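Trainee: For the sequence shown, position 22 (counting from the first letter as 1) is numbered 19 according to this note's numbering, and the numbering increases by one without interruption.
Here a beta-carbon is modelled for each residue, glycine too, at the ideal position from N, C-alpha and C.
Please read all numbers here as calculations on a predicted model, not as lab measurements.
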Amino acid sequence: MNVSLLFSQLLEATEILLSFLDSPKKLELEVRVKIFIQSQVKKHQDHCHSSELRLASQL
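Following this line, the structure appears as C-alpha cells:
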C-alpha cells in the first residue's frame, strides 16, 4: 500500500475523531498530528529516494 495514501487516510480519520472533541487543546492536537504525519511521510520519501540512489549506483 502507498504510504502517503495511508498517512492521508490516517489524517482524515484523525480529523473526523477530532471533530467530536470540544476542548481548548483540540487545535494543538490537530497541529501536532499533522506535523507528525508530514514528518513520517517525509521520512518514508527520503528512505525511498536513498534506496533508489543505492540501486542506481549498483547498475
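Along the chain, where does the alpha helix (DSSP H) containing Leu14 start, and where does it finish?
Mentor: Taking the first residue of the sequence shown as 1, we reach residue 14 at position 17. Counting along the chain, Leu14 sits inside the alpha helix (DSSP H) bounded by residues 0 to 16.
Trainee: On the three-pair Cβ rule with 8 angstroms, is the region 1 to 12 touching the region 31 to 45?
Mentor: yes
Trainee: Quick check: what's the CA-CA separation for Gln55 versus Gln42?
Mentor: Locating residue 55 in the sequence shown gives position 58, where the first residue counts as 1. Locating residue 42 in the sequence shown gives position 45, where the first residue counts as 1. Each residue's alpha carbon lies about 20 angstroms from the other.
Trainee: For Lys31, name the three-state secondary structure that DSSP assigns.
Mentor: Against the sequence shown, residue 31 aligns to sequence position 34. Of the three classes helix, strand and coil, the one that applies to Lys31 here is helix, per DSSP.
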